[in-house]
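**Q**
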Ligand SMILES: Cc1cc2nc3c(=O)[nH]c(=O)nc-3n(C[C@H](O)[C@H](O)[C@H](O)COP(=O)(O)OP(=O)(O)OC[C@H]3O[C@@H](n4cnc5c(N)ncnc54)[C@H](O)[C@@H]3O)c2cc1C
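Numbering (our numbering), first residue to last: 10 to 454.
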């Protein structure tokens, strides 16, 4: 069966053969029998990473949980299980994934393949740091167990390897113990970029930290932000209705965007008005800590179904870079200045501090990551190349899970020597390049 596929940004849209095995053996056989194929989880990567060069293998049929050990927090499950199912099943029992991205609607396979990071990367590392082992089907039809002890090179290449080493069938991950399903949040107002960076820098001991930047602000207010700090709340932190309900369920989306929004919905004045209101509202909550349910704290956008339609029919592109600690602040200021001057800044501009990466092609570097959404408009791609040039000059790189358009040169400059090591491993594993995505063709991976 053929399907029109895109990533979460709904750009580009590509026809692909659709393979949907329900069992591991069928997934292994489909991979071994198909040319130009890549696995797909829940399609939350923004660009073309989860679209096969010719065919796309959905791993969503591999959705069984296999074993859980409450003494160690180790959970073994198939790769197509959604992180939301893990949170729903184990949250009320006092366990939570150590690393969660900004949406829980991702599969375990997708979280490993992108080595996703959360608001705690500076303290706890990425998803791969809490992965004990995985079972991988390769292009040759082999099924290999990989861990730090067994097939260690393949393990390191699969964490952050964007599905290009094969299809992950199963994984064992470590969950952390939590006393409640609430977060104790503190909001800090930062009046400019330097203040936002200083606040995040000063929050190294805090488990979760992230800044929302008003990227419409210019001049002295360039980079003004709300910084959200958080810790898992203990039972003693709760009172009132929270104390009576220590593990609040995460509700399904209450709203959904019913149609593609018209172009004017994201005009500069509406984004500017939204940002102003959001900043003022957030600033009112600044100061004393308060408790908030884990769901809205970690996954604020999951409350609105199909929110990607708000950018209209032409779709949108996310630009997420990471910049080294030393060169980052000046490069961030230059990027924010150009974005504010261009006048199509987005609602979503997020700044986080990252620590060191573990996978061969994992995105993080010690430094600053900035994520921005842009609706696809004429001239956008040229403008993003300008931002890329700032990133490359500062020694940074772009996140493959958000990428739909970076050039091979930008990618190679950003990921350096790891690219050739990854290519060499791929050649030995899959000499004719049977496993391939639209992204891997574009980047020569
Ligand atoms: C609202 C939103 C917020 C986000 N926030 C964050 C964030 O804070 N931090 C962050 O790191 N990311 C974030 N992301 C990105 C998202 O976490 C990653 O793109 C993740 O990989 C998506 O998982 P998925 O299951 O949807 O995978 P897909 O998008 O379907 O695939 C992503 C990649 O994983 C590979 N893959 C999927 N399943 C398998 C498998 N079984 N075996 C081998 N390869 C596989 C695909 O080939 C592809 O290369 C966000 C995305 C959205 C939409």
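Every residue, glycine too, gets a C-beta built ideally from N, C-alpha and C. All values derive from a computational prediction rather than experimental measurement.
#1: Which of the three DSSP states, helix, strand or coil, is assigned to residue 397?
#2: Mapping the DSSP letters down to three states, classify residue 106 as helix, strand or coil.
#3: Please state whether DSSP places residue 283 in a helix, a strand or coil.
#4: If you drop the 5 nearest sequence neighbours on each side, which residues of the same chain put their C-beta closer than 8 Å to that of residue 309?
#5: Would a C-beta distance cut-off of 8 Å place residue 384 and residue 320 closer than the cut-off?
#6: Measuring CB to CB, does residue 51 end up less than 8 Å from residue 114?
#7: Let me check understanding here. Comparing Cα to Cα, which of 166, 188, 176 and 405 lies closest to residue 99?
#8: Fully enclosed by the stretch 359 to 411, which alpha helix (DSSP H) runs are 4 residues long or longer?
#9: Between which residues of its own chain and residue 150 is the CB-CB distance below 8 Å, once the five residues before and five after are set aside?
#10: Which residues, in chain order, sit with a beta-carbon under 5 Å away from any heavy atom of ligand 1?
#11: Taking a contact to mean a Cβ-Cβ separation below 8 Å, would you say residue 88 touches residue 71 in this structure?
#12: Following the continuous beta strand (DSSP E) through residue 252, name the residue where it begins and the one where it ends.
#13: Can you tell me the Cα-Cα spacing of residue 497 and residue 446, whole angstroms?
#14: Return the CA-CA distance between residue 165 and residue 127, expressed in angstroms with no decimal places.
#15: On a CA-only basis, which of 316, 348, 238 and 344 is nearest residue 301? Give me that one, please.
#16: Excluding five sequence neighbours on each side, which residues of the same chain lie with their C-beta closer than 7 Å to the C-beta of residue 415?
#17: Quick check on this structure: which residue in 22, 101 and 24 has the alpha carbon closest to the alpha carbon of residue 256?
#18: Taking its Cβ as the centre, do 16 or more other Cβ atoms sit within 10 Å of residue 402, making it buried, or is it exposed?
#19: Is residue 305 helix, strand or coil by DSSP?
#20: Tell me which same chain residues have a C-beta within less than 6 Å of the C-beta of residue 2, skipping the five on either side of it?
#21: If you run the structure through DSSP and keep just helix, strand and coil, what is residue 218?
#22: Does residue 316 come out as helix, strand or coil in the three-state DSSP assignment?
#23: Does the Cβ of residue 22 have 16 or more other Cβ atoms within 10 Å, making it buried, or fewer, making it exposed?
#24: To which residues of the same chain is residue 201 closer than 7 Å at the C-beta, ignoring the five residues directly before and after it?
#25: Strictly by DSSP, which residues pair up with residue 191?
#26: Let me know if residue 299 comes out buried or exposed under the rule of 16 or more other beta-carbons within 10 Å of its beta-carbon.
#27: Check whether the Cβ atoms of residue 374 and residue 222 lie closer than 8 Å to each other.
#28: State the DSSP-derived secondary structure class of residue 198, mapped to helix, strand or coil.
#29: Out of 220, 346, 236 and 259, state which residue places its alpha-carbon closest to the alpha-carbon of residue 296.
#30: Contact defined as beta carbons within less than 8 Å: I believe residue 317 pairs with residue 17. What is the distance between those atoms, to the nearest angstrom?
#31: Beta-carbon within less than 6 Å of residue 329's beta-carbon, same chain only, minus the 5 sequence neighbours each way: which residues are those?
#32: Decide yes or no for the touch test of the stretch 175 to 184 against the stretch 331 to 345: beta carbon pairs closer than 8 Å, at least 3 of them.
#33: By how many angstroms is the C-alpha of residue 175 removed from the C-alpha of residue 491?
#34: Could you check if residue 243 is buried or exposed, using at least 16 other CB atoms within 10 Å of its CB as the buried criterion?
#35: Got a sec, what are the start and stop residues for the alpha helix (DSSP H) residue 448 sits in?
#36: Looking at the secondary structure, which residues open and close the alpha helix (DSSP H) in which residue 132 lies?
**A** Put simply:
#1: For this step, residue 397 is matched to residue 388 along the chain shown. It is helical.
#2: Sequence index remark: in the chain shown, residue 106 carries index 97 (1-based). Reduced to three states, the DSSP call for residue 106 is strand.
#3: In the chain shown, residue 283 corresponds to position 274, counting from 1. When DSSP states are grouped into helix, strand and coil, residue 283 belongs to the helix group.
#4: As a first step, residue 309 must be located in the chain shown, where it is residue number 300. Hits under 8 Å: 111.
#5: If you number the chain shown from 1, residue 384 lands on position 375. If you number the chain shown from 1, residue 320 lands on position 311. Their beta carbons are under 8 Å apart, which means residue 384 touches residue 320 by this criterion.
#6: Here residue 51 is taken as the residue at index 42 of the chain shown, counted from 1. Here residue 114 is taken as the residue at index 105 of the chain shown, counted from 1. Using a Cβ distance threshold of 8 Å, residue 51 and residue 114 count as a contacting pair.
#7: Counting from 1 along the chain shown, the entry for residue 99 is found at position 90. Comparing alpha-carbon positions, the option among 166, 188, 176 and 405 lying closest to residue 99 turns out to be 188.
#8: 389 to 402
#9: Locating residue 150 in the chain shown gives position 141, where the first residue counts as 1. The residues are 37, 38, 40 and 41.
#10: For ligand 1, the selected residues are 17, 47, 48, 49, 50, 51, 52, 53, 54, 58, 59, 68, 88, 110, 111, 112, 115, 116, 118, 119, 122, 123, 125, 126, 171, 172, 176, 177, 310 and 410.
#11: Numbered from 1 along the chain shown, position 79 holds the residue referred to as residue 88. Numbered from 1 along the chain shown, position 62 holds the residue referred to as residue 71. The criterion of a C-beta distance shorter than 8 Å is satisfied by residue 88 and residue 71.
#12: In the chain shown, the residue the question calls residue 252 occupies position 243. Taken as a continuous stretch (DSSP letters only), residue 252 belongs to no beta strand (DSSP E), being part of the alpha helix (DSSP H) at 249 to 253.
#13: In this structure the chain extends from 10 to 454, so residue 497 is not present and cannot be described.
#14: Looking up residue 165 in the chain shown gives position 156. Looking up residue 127 in the chain shown gives position 118. If you take the alpha carbons of residue 165 and residue 127, they lie about 19 Å apart.
#15: Indexing the chain shown from 1 puts residue 301 at position 292. Looking at the Cα atoms, 238 is the closest of the given residues.
#16: Walking along the chain shown from the start, residue 415 turns up at place 406. Closer than 7 Å at the Cβ level, and outside the excluded window around residue 415, lie 397 and 407.
#17: Within the chain shown, the letter at position 247 stands for residue 256. Checking every option, the nearest Cα to that of residue 256 belongs to 101.
#18: For this step, residue 402 is matched to residue 393 along the chain shown. So residue 402 counts as exposed.
#19: As a first step, residue 305 is located in the chain shown; it is residue number 296 there, counting from the start. Helix, per DSSP.
#20: Coverage of the chain is limited to positions 10 through 454, which leaves residue 2 absent and any answer about it impossible.
#21: Taking the chain shown and counting its residues from 1, one reaches residue 218 at position 209. Strand, per DSSP.
#22: Taking the chain shown and counting its residues from 1, the one referred to as residue 316 is at position 307. Here residue 316 sits in helix by DSSP.
#23: Counted from its first residue, the chain shown places residue 22 at position 13. Classification of residue 22: exposed, given that the 10 Å Cβ count is below 16.
#24: As a position in the chain shown, residue 201 is number 192, starting the count at 1. Closer than 7 Å at the Cβ level, and outside the excluded window around residue 201, lie 229, 230, 231, 232 and 233.
#25: Translated into the one-based positions of the chain shown, residue 191 becomes position 182. The partner list for residue 191 (beta bridge, DSSP) reads 302.
#26: For this step, residue 299 is matched to residue 290 along the chain shown. With fewer than 16 other Cβ atoms inside 10 Å of its own Cβ, residue 299 counts as exposed.
#27: Looking up residue 374 in the chain shown gives position 365. Looking up residue 222 in the chain shown gives position 213. Their beta carbons are not under 8 Å apart, which means residue 374 does not touch residue 222 by this criterion.
#28: Within the chain shown, the letter at position 189 stands for residue 198. Looking at residue 198 - three-state DSSP - the assignment turns out to be strand.
#29: Translated into positions along the chain shown, residue 296 becomes position 287. Among 220, 346, 236 and 259, the Cα nearest to that of residue 296 belongs to 236.
#30: Residue mapping note: residue 317 aligns to position 308 of the chain shown, counting from 1. Residue mapping note: residue 17 aligns to position 8 of the chain shown, counting from 1. Your pair residue 317 and residue 17 checks out as a contact, with CB atoms roughly 5 Å apart and the cut at 8 Å.
#31: Your numbering for residue 329 matches position 320 in the chain shown. Take residue 329, set aside five residues on each side of it, and the residues of its chain with a beta-carbon closer than 6 Å to its own are 380, 408 and 411, in chain order.
#32: As far as the Cβ criterion goes, the stretch 175 to 184 does not touch the stretch 331 to 345, which means the pair count is below three.
#33: With the chain covering only 10 through 454, there is no way to say anything about residue 491.
#34: Along the chain shown, read from residue 1 onward, the residue named residue 243 stands at position 234. It is exposed - the Cβ of residue 243 has fewer than 16 other Cβ atoms within 10 Å.
#35: As a position in the chain shown, residue 448 is number 439, starting the count at 1. First-last of the alpha helix (DSSP H) with residue 448: 447 to 452.
#36: Stepping through the chain shown from its first residue, residue 132 is reached at position 123. Note, residue 132: alpha helix (DSSP H), 130 to 133.
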